[in-house]
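Student:
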Amino acid sequence: MSSGEQYNVMPTHLEHYLGFPGVAVMLSCPSCESKHTVKNGRIHNGKQNYRCRDCGRQFVQDPQNKLIDQATKDLIDKLILERLSLAGIARVTGVSELWLQRYVNAKYVTVPRRVSVSAKKRGD
């Protein structure tokens, strides 16, 4: 090895630590602050999921709370009226199925339980 060559010598058991190459930053559990964390697959958007070995909590390093704009909510309302599946609506609009289910449930609560219908008068 010449003096100008560098190799990444980070051990494989440390690969879930984050940071710049050669700098390891250990993730700690947001619940118990333990440093004993392991990779635990990926979440729906491809981000790395972690699990705490001490308390069992699963977490993502930088969770994002994305606000859904009114235009997307209006589109969702129209797609619900078209009787599309929730999975299809979530896929098309880019929202999570869990958020969509909660949104639909909140809408359902506001719907009146009884609807009064009057007969149309003849001749009008």
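Quick note on numbering: UniProt numbering labels position 7 of the sequence shown as 7, and the sequence is numbered without any gaps.
From the three backbone atoms N, C-alpha and C, an ideal C-beta is built for every residue, glycine too.
Using the C-alpha atoms, what's the distance from V109 back to T93?
Tutor: When rounded, the distance between both Cα atoms is 23 Å.
Student: Quick one: give me the first and last residue of the alpha helix (DSSP H) that V104 is part of.
Tutor: Residues 97 to 110.
Student: Can we say the segment 27 to 35 touches the segment 48 to 60, given the rule of at least three CB pairs closer than 8 Å?
Tutor: The segment 27 to 35 is in contact with the segment 48 to 60.
Student: Would the segment 89 to 107 count as touching the segment 60 to 75 if we require 3 or more Cβ pairs under 8 Å?
Tutor: The segment 89 to 107 is in contact with the segment 60 to 75.
Student: Comparing C-alpha positions only, which one of K78, L100, D77, D74 sits nearest to L86?
Tutor: The shortest C-alpha separation from L86 is found at L100.
Student: Where does G88 sit, in a helix, a strand or coil, going by DSSP?
Tutor: DSSP places G88 in helix when its eight states are reduced to three.
Student: Drop a sphere of 10 angstroms on the beta-carbon of T72, count the other beta-carbons inside from all chains shown, and report buried for 16 or more, exposed for fewer.
Tutor: T72 should be labelled exposed.
Student: Excluding sequence positions up to five away, which residues of its chain have a Cβ less than 8 Å from the Cβ of A106?
Tutor: Closer than 8 Å at the Cβ level, and outside the excluded window around A106, lies no residue.
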